[in-house]
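A short write-up of the structure that comes next.
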Amino acid sequence: MHIERPLPFLCAYRAPTDGRDEGTADLIRSQASYITASGAPDANPELFALIEGAVGALAEACGACLLLEIWAGPHVPTSPQVFRVSTLHTDELATTVGVLSKALGAMVLPVPHAVEVTTGREVSPPGLPALLSGHLARKGGCLVIGLEVPPLYRGADGVLYPVVLRALSEQLTGALQRGFFEFTRVQTQAKPEHYQVMGRRRLGAAEKSTDRALCRIGNSIDFLLDVTPVNTEAAWDEFRAGGRRKAPTLHYRMLAIDPEIAKRALYSVPLERLEDPVLALLLRDKRRELDLQLSMLEDRDTEGFFATSLRLYGGVDDALFAEAMSILRAVPSDRPAAAAEIRCDAAELARRAEAELAHYRREQPALSAVVAVRDDVPSLVVTRGGLLVPRGVSVRLSRVEALLQHEIGTHIVTRANGRLQPLGVFSSGLADYEALQEGIAVFAEYMAGGFDAERLRLIAARVVGVRRLIERTSFPRLVEELTDGLGFGPRAAFLVAMRVFRGGGLTKDAIYLRGLRNLLAHLASGGAIEPLLIGKVSLERLPLVEELLRRQLLVLPGLTPRWLTIDGAAQRLARARAGLRPVDLIEGDLA
Numbered sequence: 014m015h016i017e018r019p020l021p022f023l024c025a026y027r028a029p030t031d032g033r034d035e036g037t038a039d040l041i042r043s044q045a046s047y048i049t050a051s052g053a054p055d056a057n058p059e060l061f062a063l064i065e066g067a068v069g070a071l072a073e074a075c076g077a078c079l080l081l082e083i084w085a086g087p088h089v090p091t092s093p094q095v096f097r098v099s100t101l102h103t104d105e106l107a108t109t110v111g112v113l114s115k116a117l118g119a120m121v122l123p124v125p126h127a128v129e130v131t132t133g134r135e136v137s138p139p140g141l142p143a144l145l146s147g148h149l150a151r152k153g154g155c156l157v158i159g160l161e162v163p164p165l166y167r168g169a170d171g172v173l174y175p176v177v178l179r180a181l182s183e184q185l186t187g188a189l190q191r192g193f194f195e196f197t198r199v200q201t202q203a204k205p206e207h208y209q210v211m212g213r214r215r216l217g218a219a220e221k222s223t224d225r226a227l228c229r230i231g232n233s234i235d236f237l238l239d240v241t242p243v244n245t246e247a248a249w250d251e252f253r254a255g256g257r258r259k260a261p262t263l264h265y266r267m268l269a270i271d272p273e274i275a276k277r278a279l280y281s282v283p284l285e286r287l288e289d290p291v292l293a294l295l296l297r298d299k300r301r302e303l304d305l306q307l308s309m310l311e312d313r314d315t316e317g318f319f320a321t322s323l324r325l326y327g328g329v330d331d332a333l334f335a336e337a338m339s340i341l342r343a344v345p346s347d348r349p350a351a352a353a354e355i356r357c358d359a360a361e362l363a364r365r366a367e368a369e370l371a372h373y374r375r376e377q378p379a380l381s382a383v384v385a386v387r388d389d390v391p392s393l394v395v396t397r398g399g400l401l402v403p404r405g406v407s408v409r410l411s412r413v414e415a416l417l418q419h420e421i422g423t424h425i426v427t428r429a430n431g432r433l434q435p436l437g438v439f440s441s442g443l444a445d446y447e448a449l450q451e452g453i454a455v456f457a458e459y460m461a462g463g464f465d466a467e468r469l470r471l472i473a474a475r476v477v478g479v480r481r482l483i484e485r486t487s488f489p490r491l492v493e494e495l496t497d498g499l500g501f502g503p504r505a506a507f508l509v510a511m512r513v514f515r516g517g518g519l520t521k522d523a524i525y526l527r528g529l530r531n532l533l534a535h536l537a538s539g540g541a542i543e544p545l546l547i548g549k550v551s552l553e554r555l556p557l558v559e560e561l562l563r564r565q566l567l568v569l570p571g572l573t574p575r576w577l578t579i580d581g582a583a584q585r586l587a588r589a590r591a592g593l594r595p596v597d598l599i600e601g602d603l604a
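Residue numbers (our numbering): 14 to 604.
Below, the structure written as structure tokens:
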């Protein structure tokens, strides 16, 4: 028996005496209140007493209780597969039955299905006595519902189909919770705001151990650094010396791990033990992402790297490419005042970054990020340890605040907020988090008042670079297009091309404009920004994040990014909520 907290429902399952019912018990283990037991006759007295006591206690605590028993129906190879809801004839008009039936019918399953409702004097699987008699149910303020599930998750020979079982479990969890929500709303004094609050609030041991294992493997690599060239200046000199006609030679760090061994460890993590379907989905996604990253490290500087990059980061669709080209044609490339503008070197930038971190340490003293000036990075980059600043960097003073809000106010703050969550993947990053993360980071530059035409053109040029990479354009030809056709200086064009061609071809740089565009659409549609800052999350999985927040498995951000509170931030956010395109972000802020 598992009762996480007093809730007005209890799910039940009885195993048949022949033991041949693979997978059915797993369908209720995702719920916050359930019991699994033997269906053997000699177990009945103890089981019935336990059920009566548990239901009575839940009814006393909550005002009423719903007892839902689940069992597998016979294997019938016809379509549609039928889910049968059974209830006492005195309860057939209960709204819970109608809501549950509708939710079951709305499930998205691999096969067509239907729902039937039946009534009778007792509710129980065929051949077994009722867990709770109609008399005791009415006396104790209990609604009894039976649910016969078609065993579409296994073959006629009893062989389990784990992928189908997983899909059914995910869908059935939500359908049952909708029924529990309706019962709670109508039959008790509680007034829950959403059906998802009926779900679990505590992590199981399997979820905790799986998260730790995946984070351990993820923390053994530093993917971004491992695919970043360490010889940027030498490569630039080589490219110039060759008349910009030949791609430069790029060198990388030695890998500190063996990707094959890391993959072996990755697939030894037993994800099949996870009971919570939402957490299982997020952790399974993360394993897939780590697998792809390890494959890319193994294939660094080969064609395989580029092919896997397309799977991990996607390409550039026609709409995104058209938007990038529209920006580059519409936004002027010359900024006469830029050359005379005061600039900030590495030492000063590092000092300001330390001051920015000190602001957040006053709220969260345990914040461990540090700032380091390095010779082996071509641009500002945040790693697990903190912010790396290139020794030769020179940044316009008007851009410093925006860069700090990008790197520290977004990347480091969301990592720190993720550390407050019960799962480590919210700190290291859910699968596919980077597009949203970079979209927020670029948006933070706008919120800080430092997002200018030059910056917008740069992220648009990166999209063009990725598109040309996919079209198999050469490194020199891309640089030529950026300089002669799109108005970039030779070094700026070289850096765009180097980022795109690194490792064998990395499509990641398209995510800046894509992520910004998607974030602006989210805000314009009324989406909240706070859930996006609880850690490193993806926009695609935001509904799951919001469910975990409702279930109180996650907490709201511990650190509020300073870019949400600095002068002018409220007005800029209001503009974004009214509906903006990426090109609109530079209006009024262009020096």
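Quick reminder that beta carbons are idealized off the backbone N, C-alpha and C, glycines included.
Would residue i and residue j qualify as a contact pair, given that the criterion is a beta-carbon distance under 8 Å?
| i | j | result |
| --- | --- | --- |
| His264 | Pro290 | no |
| Leu682 | Ile16 | The structure shown does not extend to residue 682, since the chain spans only 14 to 604, so no value can be given for it. |
| Leu400 | Val384 | yes |
| Leu443 | Ser551 | yes |
| Ser322 | Leu519 | yes |
| Thr315 | Gly517 | yes |
| Cys155 | Leu145 | yes |
| Val479 | Ala523 | yes |
| Ala448 | Pro403 | no |
| Ala247 | Phe514 | no |
| Leu469 | Ile599 | yes |
| Ser51 | Arg18 | no |
Measure how close the beta-carbons of residue i and residue j come, nearest whole angstrom, since I'm counting them as under 8 Å.
| i | j | result |
| --- | --- | --- |
| Leu572 | Val426 | 5 Å |
| Lys299 | Val438 | 5 Å |
| Tyr208 | Phe196 | Going by Cβ atoms, the distance from Tyr208 to Phe196 rounds to 11 Å, so no, they are not a contact pair. |
| Gln200 | Ala74 | With a Cβ gap of about 13 Å, Gln200 and Ala74 do not count as contacting. |
| Gly435 | Leu216 | For clarity, residue 435 is Pro in the given sequence; the question names Gly instead. Confirmed, about 5 Å. |
Just mark residue i as buried or exposed, buried being the case when its beta carbon has 16 or more other beta carbons within 10 Å.
| i | result |
| --- | --- |
| Leu165 | buried |
| Ser392 | exposed |
| Asn232 | exposed |
| Asp39 | buried |
| Ile340 | buried |
| Ser440 | buried |
| Thr37 | buried |
| Ala10 | No answer is possible for residue 10: the residues shown for the chain start at 14 and end at 604. |
| Ala143 | buried |
| Leu410 | exposed |
| His88 | exposed |
| Pro556 | exposed |
| Arg364 | exposed |
| Thr100 | buried |
| Lys521 | buried |
| Thr108 | exposed |
| Arg564 | buried |
Could you give the distance in angstroms between the alpha-carbon of residue i and the alpha-carbon of residue j?
| i | j | result |
| --- | --- | --- |
| Asp602 | Asp580 | Any answer about Asp602 is weak, because its pLDDT of 41 lies below 50 and its placement is not dependable; what the coordinates show is given next. Roughly 13 Å between the two C-alpha positions. |
| Pro58 | Glu65 | 11 Å |
| Ala116 | Met267 | 53 Å |
| Arg594 | Leu533 | 7 Å |
| Ser10 | Leu333 | Past the boundaries of the shown model lies residue 10; the chain is included only from 14 to 604, so the question cannot be answered. |
| Arg42 | Arg590 | 41 Å |
| Gly187 | Tyr47 | 15 Å |
| Leu189 | Asp445 | 29 Å |
| Thr131 | Gly147 | 15 Å |
| Val455 | Leu471 | 12 Å |
| Asp597 | Ala337 | 13 Å |
| Leu122 | Val176 | 11 Å |
| Asp31 | Pro163 | 18 Å |
| Ile483 | Ala582 | 38 Å |
| Gly502 | Arg253 | 13 Å |
| Gly422 | Gly256 | 40 Å |
| Ala415 | Thr49 | 56 Å |
| Ala53 | Leu149 | 22 Å |
| Gly431 | Ile547 | 6 Å |
| Leu491 | Arg481 | 7 Å |
| Ala91 | Ser281 | According to the sequence shown, residue 91 is Thr rather than Ala. Their Cα atoms are separated by approximately 37 Å. |
| Arg191 | Leu181 | 15 Å |
| Val240 | Arg313 | 8 Å |
Beta-carbon of residue i versus every beta-carbon of chain C: anything under 8 Å?
| i | result |
| --- | --- |
| His88 | Structure shown: chain C not included; a single protein chain is present. |
Give, in chain order, every unbroken run of the alpha helix (DSSP H) that is at least 4 residues long and sits entirely within the region 400 to 488.
410 to 419, 426 to 432, 438 to 441, 447 to 460, 466 to 483
Kindly provide the ranges of any alpha helix (DSSP H) runs that are 4 or more residues long and lie completely inside the region 51 to 126, ordered along the chain.
If only uninterrupted alpha helix (DSSP H) runs of at least 4 residues are considered, those enclosed by the region 51 to 126 are 57 to 75, 108 to 118.
If you scan the region 192 to 264 from start to end, which runs of the alpha helix (DSSP H) of 4 or more residues do you find wholly inside it?
Entirely contained in the region 192 to 264, the alpha helix (DSSP H) runs reaching 4 residues are, in chain order, 218 to 232, 236 to 239, 245 to 254.
Mind pulling the beta strand (DSSP E) runs of 3 or more residues that sit fully within the region 344 to 386?
356 to 358
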